[in-house]
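A.B. asks: The letter at position 322 of the sequence shown is residue 322 when you use the working numbering, and the numbering goes up by one with no holes.
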Amino acid sequence: MKKVKRLSTSVWNRMVLNSLFFNIDSCNLNYSKDTASFSLMIHNQLENLRKISLCCRLAFYLLLKNTIHMSTKIKPKGLLFTGILIGAVLLMSFIITPGRVTVYLAGDSTMAIKQPKAFPETGWGMPFSLLFDSTVTVDNRAQNGRSTKTFISEGLWDGIVSSLHEGDYVFIQFGHNDEVPTKKSYINEQGYRDNLERFIRETRDKKAIPVLLTPVARRKFDTTGTVVGTHEVYSAIVRKLAEEQKVPLIDLDRESQALLQKLGPEESKKLFNYLAPGESINYPNGQADNTHFSKLGAQKIAGIVLKGIRLLKLDLARHIALSNLKPVDEK
């Protein structure tokens, strides 16, 4: 008997995550009054994902095992259990209805879903996923540490392309890991442009809509309190390519720099994963991270992206369930 190929953990996680996390009715979320609940909800959903994905794999294995042996040895109890499992799967297929449009997020750690061990670090794609009505599913495929090069080489991009349907969106934000020569993920300027061109071309080949985003700003100030840009070269490539290829562009680098400048060197720390010793069990010695966001920072960046969707007059704007990300408590 041939062995049945085991589905990878990432596939199971994505299946369960789509059903548990991305179809939440965001209209019931009050960011201004319920920030703690929002953060706890994300933490709990990710923990549930880990547990339920294990249960799903076990159920699938038992279902398959009973089905394979059914032809040679009929077991009433086994048939009953198999029937219950099939019924549960069918019931879930009616309860968990995918949106008519899927928004795929392709990017790095600033966008990605975080594991509970990284909390309160939050990728901006996490709150962004909760801001649309039930006709839209956000599938966040961003991964920590990825560049356009490694996103391709690891098969992450092909995974998006194979899932695309006409009318879907792909939001593309890379640069943090592409531009650093000392990283294995590094790719030179021409290679970066070539990879982005591939993303645009293959998205359009599936009659889906690419949206380019310049890499979100790092928190860096000079001695005069002025924000220092760290992505100039790679952000310029994205802008030029968007203009040449007539691709919708959200200039996240400029917009987030403006936000940091408005807040200043000290207040802007609240947008990032800055923690005092003992403040978080995940960071007992504290943390001073100028790249990755706090829950507040992730919400602010998601708000910038939402603003960009409206300014671009994308059809997706009609499906935004929250008109704005309301101010949240700053603790």
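Just so you know, even glycine gets a beta-carbon here, dropped at the ideal spot from N, CA and C.
(1) Which same chain residues end up closer than 7 Å to SER256 when comparing Cβ atoms and leaving out the 5 residues on each side of it in sequence?
(2) So, at 6 Å on beta carbons, what are the nonlocal neighbours of SER268 in its own chain, with the 5 sequence-adjacent residues on each side left out?
(3) Around the C-beta of PRO120, are 16 or more other C-beta atoms found within 10 angstroms, so that it is buried, or is it exposed?
(4) Between LEU286 and ALA276, how many whole angstroms is the CB-CB distance? I'm expecting something under 8 Å.
(5) So SER109 and GLY145 are in contact, right, with Cβ under 8 Å, and what is the actual spacing, rounded?
(6) Pick out whichever of PRO284, LYS313, GLU266 and ASN177 has its Cα sitting closest to the Cα of PHE151.
(7) Going by DSSP, what residue range makes up the alpha helix (DSSP H) through ILE301?
(8) Going by DSSP, which residues form a beta bridge with GLY107?
(9) Output the distance between the C-alpha atoms of ALA258 and GLU232, rounded to the nearest integer angstrom.
(10) Would you identify the three-state DSSP class for THR226, choosing helix, strand or coil?
(11) For LYS207, which residues of its own chain have a beta-carbon under 6 Å away from its beta-carbon, when the five flanking residues on both sides are left out?
(12) Determine the burial state of SER53: buried for a count of at least 16 other Cβ atoms within 10 Å of its Cβ, exposed for fewer.
(13) Check whether the Cβ atoms of ARG239 and THR214 lie closer than 8 Å to each other.
(14) Between the Cα of LEU349 and those of SER147, LEU196, THR224 and THR226, spot the shortest distance and give me the residue it belongs to.
(15) Are the CB atoms of ASP253 and GLY225 within a distance shorter than 8 Å?
C.D. replies: Concretely, from the data shown:
(1) The count along the sequence shown starts at 1 and reaches residue 256 at position 256. Excluding its 5 nearest sequence neighbours in each direction, SER256 has C-beta neighbours in its own chain below 7 Å: VAL216, ALA217, ILE301 and ILE304, listed in chain order.
(2) For the purposes of this step, residue 268 is identified with residue 268 of the sequence shown, where counting begins at 1. Excluding sequence neighbours, SER268 sits near ARG219 and LEU260.
(3) Indexing the sequence shown from 1 puts residue 120 at position 120. Buried is the call here.
(4) Taking the sequence shown and counting its residues from 1, the one referred to as residue 286 is at position 286. Taking the sequence shown and counting its residues from 1, the one referred to as residue 276 is at position 276. The question names Leu, but residue 286 in the sequence shown is Gly. With 8 Å as the limit, GLY286 and ALA276 qualify as a contact, their Cβ atoms being about 5 Å apart.
(5) Taking the first residue of the sequence shown as position 1, residue 109 is located at position 109. Taking the first residue of the sequence shown as position 1, residue 145 is located at position 145. The beta-carbon separation of SER109 and GLY145, rounded to 6 Å, stays under the 8 Å limit for a contact.
(6) Position 151 of the sequence shown, counting from 1, holds the residue named residue 151. PHE151 has its Cα closest to that of ASN177, out of PRO284, LYS313, GLU266 and ASN177.
(7) Here residue 301 is taken as the residue at index 301 of the sequence shown, counted from 1. Start and end: 295–311.
(8) In the sequence shown, counting from the first residue as 1, residue 107 sits at position 107. When beta bridges are read from the DSSP output, GLY107 appears opposite GLN173.
(9) Within the sequence shown, residue 258 is the residue found at index 258, counting from 1. Within the sequence shown, residue 232 is the residue found at index 232, counting from 1. Cα-Cα distance, rounded: 14 Å.
(10) Reading the sequence shown from its first residue, position 226 is the one you call residue 226. In the three-state DSSP reduction, THR226 falls in the coil class, being neither helix nor strand.
(11) Indexing the sequence shown from 1 puts residue 207 at position 207. Excluding residues within five positions, the ones whose Cβ falls inside 6 Å are GLU166.
(12) As a first step, residue 53 must be located in the sequence shown, where it is residue number 53. Interpretation of SER53 is limited by its pLDDT of 46, a score under 50 that renders its predicted location unreliable; the figure taken from the coordinates is listed afterwards. With at least 16 other beta carbons inside 10 angstroms of its own, SER53 counts as buried.
(13) Start at 1 with the first residue of the sequence shown, and residue 239 comes out as number 239. Start at 1 with the first residue of the sequence shown, and residue 214 comes out as number 214. Result yes, Cβ atoms of ARG239 and THR214 sit closer than 8 Å.
(14) The displayed coordinates of the chain run from 1 to 331. Any statement about residue 349 would go beyond what the structure contains.
(15) What you label residue 225 is simply residue 225 of the sequence shown in a count that begins at 1. What you label residue 253 is simply residue 253 of the sequence shown in a count that begins at 1. The answer is no: Cβ separation not under 8 Å.
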